[in-house]
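Undergrad: In UniProt numbering, the protein residues as written are 1 to 166.
Quick one: the structure is below, and I'll ask about it shortly.
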Amino acid sequence: LIIHQAALSDEGEIKCSATNRVGYAVTRAKLTLEAPPSIRLPRQYEEGLLFEKDEVIRLKVSVAGRPVPVVTWLLNGEPVPGGGRYEASHSERYATLRVGEARREDRGEYQVRAANRLGEDVASFLVTVADRPMPPGRAKVVMTLGRSVTLSWTTPEDDGGCKIGN
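Okay, here's the thing in structure tokens:
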């Protein structure tokens, strides 16, 4: 028996029987497949995700592999801390990360890694946490002309995660 492009859905009991004029014989075997990890990101993750300050961040990605992969989350190259506002979990099909009360420091590149003894897969995406911008710097008089004044300000140190317009 050859199964081309075997998938995890092919697992199960295989039964083979043979019959001739003299009789009938049956043998059974259990088919168990192994596969290196594979991560699939939802399409909306491709453009990055935007959350507001104090919002709950919920991240969920599809993870496949056999044996079931060990999943780790990273934020800007560092492991996501366990406990506190961060809650990571995974099942046989999904890996999730919940971040309570989003803060500006929760923004950046999130990376999810899945590994088992057959290999590893990694996927990454950007998360932005928006908040009110910091106030601009002191006003400066650039030009006076009659009764008109032109003022300028330096840009704030933190734009709140969104581009500031006039």
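We put the beta carbon where it would ideally sit given N, CA and C, even for glycine.
Any contact of the stretch 109 to 116 with the stretch 54 to 68, i.e. 3+ C-beta pairs under 8 Å?
TA: Cβ pair count under 8 Å is three or more, so yes.
Undergrad: Do D121 and I39 have their beta-carbon atoms positioned less than 7 Å apart in this structure?
TA: Walking along the sequence shown from the start, residue 39 turns up at place 39. Walking along the sequence shown from the start, residue 121 turns up at place 121. Yes. Within cutoff.
Undergrad: To the nearest angstrom, report how far apart E11 and E92 are at their CA atoms.
TA: Position 11 of the sequence shown, counting from 1, holds the residue named residue 11. Position 92 of the sequence shown, counting from 1, holds the residue named residue 92. E11 and E92: Cα-Cα distance of roughly 15 Å.
Undergrad: Hey, is the stretch 128 to 141 in contact with the stretch 153 to 164, meaning 3+ C-beta pairs nearer than 8 Å?
TA: Because the criterion of three Cβ pairs below 8 Å is met, the stretch 128 to 141 and the stretch 153 to 164 touch.
Undergrad: Buried or exposed: which applies to R28, given that a residue is buried once 16 or more other Cβ atoms fall within 10 Å of its Cβ?
TA: In the sequence shown, residue 28 corresponds to position 28, counting from 1. It counts as exposed.
Undergrad: State buried or exposed for P69, treating a residue as buried only when at least 16 other CB atoms are found within 10 Å of its CB.
TA: Position 69 of the sequence shown holds residue 69. Buried, since its Cβ has 16 or more Cβ neighbours within 10 Å.
Undergrad: Residue range of the beta strand (DSSP E) that S89 falls in?
TA: In the sequence shown, counting from the first residue as 1, residue 89 sits at position 89. Here the beta strand (DSSP E) through S89 covers Y86 to H90.
Undergrad: Do the CB positions of P81 and N116 come within less than 7 Å of each other?
TA: Here residue 81 refers to the residue found at position 81 of the sequence shown. Here residue 116 refers to the residue found at position 116 of the sequence shown. Cβ atoms of P81 and N116: not closer than 7 Å.
Undergrad: Confirm, please, whether the CB-CB distance from R85 to V63 is below 7 Å.
TA: Here residue 63 refers to the residue found at position 63 when the sequence shown is read from its first residue. Here residue 85 refers to the residue found at position 85 when the sequence shown is read from its first residue. No, they are not a contact pair.
Undergrad: Tell me which same chain residues have a C-beta within less than 7 Å of the C-beta of R107, skipping the five on either side of it?
TA: One-based indexing of the sequence shown puts residue 107 at position 107. Counting only Cβ-Cβ distances below 7 Å, and skipping sequence neighbours, we find V127, T128, V129 and G161.
Undergrad: Please report how far the alpha carbon of L31 lies from the alpha carbon of F125, in whole angstroms.
TA: Counting from one through the sequence shown, the residue named residue 31 turns up at place 31. Counting from one through the sequence shown, the residue named residue 125 turns up at place 125. Distance between the alpha carbons of L31 and F125: 36 Å.
Undergrad: For T19, report the span of its beta strand (DSSP E) as first-last.
TA: Taking the first residue of the sequence shown as position 1, residue 19 is located at position 19. Taken as a continuous stretch (DSSP letters only), the beta strand (DSSP E) holding T19 covers G12 to T19.
Undergrad: Would the beta-carbon of D159 fall within 7 Å of that of K53?
TA: Here residue 159 is taken as the residue at index 159 of the sequence shown, counted from 1. Here residue 53 is taken as the residue at index 53 of the sequence shown, counted from 1. Not a contact, by the Cβ cut-off of 7 Å.
Undergrad: In terms of residue numbering, what span does the beta strand (DSSP E) encompassing P42 cover?
TA: Taking the first residue of the sequence shown as 1, we reach residue 42 at position 42. Unbroken run through P42: none, as it is neither H nor E.
Undergrad: Buried or exposed: which applies to P37, given that a residue is buried once 16 or more other Cβ atoms fall within 10 Å of its Cβ?
TA: In the sequence shown, the residue the question calls residue 37 occupies position 37. Flag for P37 reads buried.
Undergrad: Does the beta-carbon of L151 have 16 or more other beta-carbons within 10 angstroms, so that it is buried, or is it exposed?
TA: Counting from one through the sequence shown, the residue named residue 151 turns up at place 151. Burial call: exposed.
Undergrad: Tell me the DSSP secondary structure of E157 in three-state form.
TA: Your numbering for residue 157 matches position 157 in the sequence shown. Coil.
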